[in-house]
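A.B. asks: There's a structure below that I have some questions on.
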Amino acid sequence: MNWTWFHKFGSPKWFFQWADKWGKLIFYIGIALFLVGLVLGLGFAPEDYQQGNSVRIIYIHVPAAMLAQSCYLALGVAGIVFMVWQMKMAPIFMKAMAPIGAVMAFLALMSGAIWGKPTWGTWWVWDARLTSVLILFLMYLGIVAIQNSFDDTKLADKAAAIIAIIGLINLPIIKYSVEWWNSLHQPATFVIGEKPSMPSEMWVPLLFSVLGFYCIVTALVCWRMQTELLIRERRASWVKKEVTKHGV
Amino acid sequence: MAFESFSEFLAMGTHGPYVWSVYGITGVFLVGMVLQTLSAKKKQLKRLHSILVKDVSEREK
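These protein sequence lines map, in sequence, to chains A and B. Number 148 in the numbering used here belongs to position 148 of the first sequence; there are no gaps in the numbering. Number 32 in the numbering used here belongs to position 32 of the second sequence; there are no gaps in the numbering.
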């Protein structure tokens, strides 16, 4: 396998320029996908025969929940990469990612609670799925707090990486919580290699919305990494060149 | 279309308040995240730019 792309992403200068070039495009593609998903999901998808129109909350809830988990997985992997290889870009990525992941976890919890009221008759139950996602949200908050509470950047990076790695154990718990324990929550909507159990009028908009969320988050993380690079590498000559180029 | 009229679309059966509050809150957070991200980048670029300008003018003195 050719690893040059990996080394390129490890170069601050190369990444900054890559993000300048592709960030906007990824963002606009994300917005377009998300809007198509919204229009189809809100206006054209059929209502659920049991849940009625409250089922339309799925077009927010599922993407937010998927992103909350994906972002955490990325955070944990970056933590390992940082601890093992001391790769400079890893903590920069983690700093950019953590607040976004926190927002995604919050959106998943919020949309789930509002969906739960008309469907289950309650905003919240302390069951395995809900509780493990709440813990995920708290992990994010903890990581953000750690990243911002040390004067010593290196120490903050290390502490955040360790917490992120420990928190990885929560991910399989979230995933299998609906199978291991009796839960009010329904099982997974998308399973790789299986045909979705819902009609295509429902899962196609959901797919658009999920892909849109992924693209939007990718663009945001790229831009936030650029900001973090501008802070950490401010004395590097390439940063001075970029600043001159951007003009402001 | 899943709805006969715009008012039916807004009502969402009896679930309008639930559906629209989720979409509203999500919208606020998404827009807020984008604006915060872009303004932070701009602010840092501006700060570095002013330092750069100061350095250059000091060197010229």
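Just so it is clear, CB atoms sit at the ideal spot from N, CA and C, and this is done for glycine as well. Here the structure is a predicted model, which means the values were calculated and not measured.
By how many angstroms is the C-alpha of B:K42 removed from the C-alpha of A:I58?
C.D. replies: Each residue's alpha carbon lies about 35 Å from the other.
A.B. asks: Can you give me the C-alpha to C-alpha distance between A:D20 and B:Q44, rounded to a whole angstrom?
C.D. replies: So the alpha carbons of these two residues sit roughly 15 Å apart.
A.B. asks: For a test of the three-state rule: what should DSSP assign to B:G13, helix, strand or coil?
C.D. replies: Correct three-state label for B:G13: coil.
A.B. asks: Along the chain, where does the alpha helix (DSSP H) that runs through A:H7 open and close?
C.D. replies: It spans T4 to F9 - the alpha helix (DSSP H) in which A:H7 sits, taken as one unbroken run.
A.B. asks: Figure out for me which residue from A:P91, A:W180 and A:P99 has the closest Cα to the Cα of A:A156.
C.D. replies: Out of A:P91, A:W180 and A:P99, A:P91 has the C-alpha closest to the C-alpha of A:A156.
A.B. asks: In chain B, what lies closer than 7 Å to A:A188 by C-beta?
C.D. replies: Under the 7 Å cutoff, chain B gives no residues; its nearest Cβ is about 20 Å from A:A188.
A.B. asks: Rounded C-beta distance between A:M139 and A:N170? I'm assuming under 8 Å.
C.D. replies: At roughly 7 Å, the Cβ-Cβ gap stays under 8 Å, so A:M139 and A:N170 are in contact.
A.B. asks: Answer with yes or no whether the minimum CB distance from B:L35 to chain A is below 8 Å.
C.D. replies: No, B:L35 does not count as interfacial toward chain A.
A.B. asks: Starting from A:L107, trace the alpha helix (DSSP H) both ways and give me its first and last residue.
C.D. replies: Here the alpha helix (DSSP H) through A:L107 covers M89 to W120.
A.B. asks: Output, in sequence order along the chain, the residues in the segment 46-77 of chain A whose CB is closer than 8 Å to any CB in chain B.
C.D. replies: From the segment 46-77 of chain A, only P46, E47, G52, N53, S54, R56, I57, I60, H61 and A64 have a Cβ closer than 8 Å to chain B.
A.B. asks: Report back the beta-carbon spacing between A:G101 and A:C71 to the nearest angstrom; my notes put them in contact at under 8 Å.
C.D. replies: Yes, they are in contact, since the Cβ atoms of A:G101 and A:C71 sit about 4 Å apart, within 8 Å.
A.B. asks: Measuring CB atoms only, is the segment 48-55 of chain A touching the segment 7-15 of chain B, in the sense that at least three cross pairs come out at less than 8 Å?
C.D. replies: Yes, they touch.
A.B. asks: Would you call the segment 196-214 of chain A and the segment 33-51 of chain A in contact, with 3 or more CB pairs under 8 Å?
C.D. replies: Judged by Cβ distances under 8 Å, the segment 196-214 of chain A makes contact with the segment 33-51 of chain A, as three or more pairs qualify.
A.B. asks: Kindly indicate which residue of B:S7, B:V19, B:V56 and B:S5 has the alpha-carbon position closest to the one of A:G41.
C.D. replies: Ranking the options by Cα distance to A:G41, first place goes to B:V19.
A.B. asks: How do the segment 232-246 of chain A and the segment 2-16 of chain A stand: do at least 3 beta-carbon pairs fall below 8 Å, yes or no?
C.D. replies: Yes, the segment 232-246 of chain A is in contact with the segment 2-16 of chain A.
A.B. asks: Mind checking the segment 39-55 of chain B against chain A and listing, in chain order, the residues whose C-beta falls within less than 7 Å of any C-beta there?
C.D. replies: Of all residues in the segment 39-55 of chain B, A40, K41, Q44, L45, K46, L48, H49 and L52 have a Cβ within less than 7 Å of some Cβ in chain A.
A.B. asks: Flag A:F208 as yes if its beta-carbon sits less than 8 Å from any beta-carbon of chain B, otherwise no.
C.D. replies: Judged by the 8 Å Cβ criterion, A:F208 is not in contact with chain B.
A.B. asks: Thinking C-alpha only, which one of A:K8, A:F16 and A:H7 is nearest A:V239?
C.D. replies: Checking every option, the nearest Cα to that of A:V239 belongs to A:F16.
A.B. asks: Which bits of chain A does B:F6 rub up against, with CB to CB less than 7 Å?
C.D. replies: Chain A residues near B:F6: none, gap ~10 Å exceeds 7 Å.
A.B. asks: Give the single residue among A:M202, A:F6, A:P205 and A:L184 whose Cα lies nearest to the Cα of A:G121.
C.D. replies: Closest by alpha carbon: A:L184.
A.B. asks: Taking the straight line between their C-alpha atoms, what separation do you get for A:F27 and A:V62?
C.D. replies: A:F27 and A:V62: Cα-Cα distance of roughly 20 Å.
A.B. asks: Touch check for the segment 186-193 of chain A and the segment 80-100 of chain A: three-plus C-beta pairs under 8 Å?
C.D. replies: Taking 8 Å as the limit for Cβ pairs, the verdict is that the segment 80-100 of chain A does not touch the segment 186-193 of chain A.
A.B. asks: To the nearest angstrom, how far is it from the Cα of A:W18 to the Cα of A:M87?
C.D. replies: Straight-line Cα distance between these residues: approximately 18 Å.
A.B. asks: Could you tell me whether the Cβ atoms of A:A113 and A:W126 are closer together than 8 Å?
C.D. replies: The answer is no: Cβ separation not under 8 Å.
A.B. asks: Can you check whether the CB of A:A108 is closer than 8 Å to the CB of A:A64?
C.D. replies: In this structure, A:A108 lies closer than 8 Å to A:A64 by Cβ.
A.B. asks: Could you check whether A:L136 and A:I163 sit closer than 8 Å to each other, using their CB atoms as the reference points?
C.D. replies: Contact flag unset, no.
A.B. asks: So, A:L220 versus B:T37, is the Cβ gap smaller than 8 Å?
C.D. replies: Yes; because the gap between Cβ atoms is below 8 Å, this pair is in contact.
A.B. asks: Determine the burial state of B:V28: buried for a count of at least 16 other Cβ atoms within 10 Å of its Cβ, exposed for fewer.
C.D. replies: B:V28 is exposed by the Cβ-count criterion.
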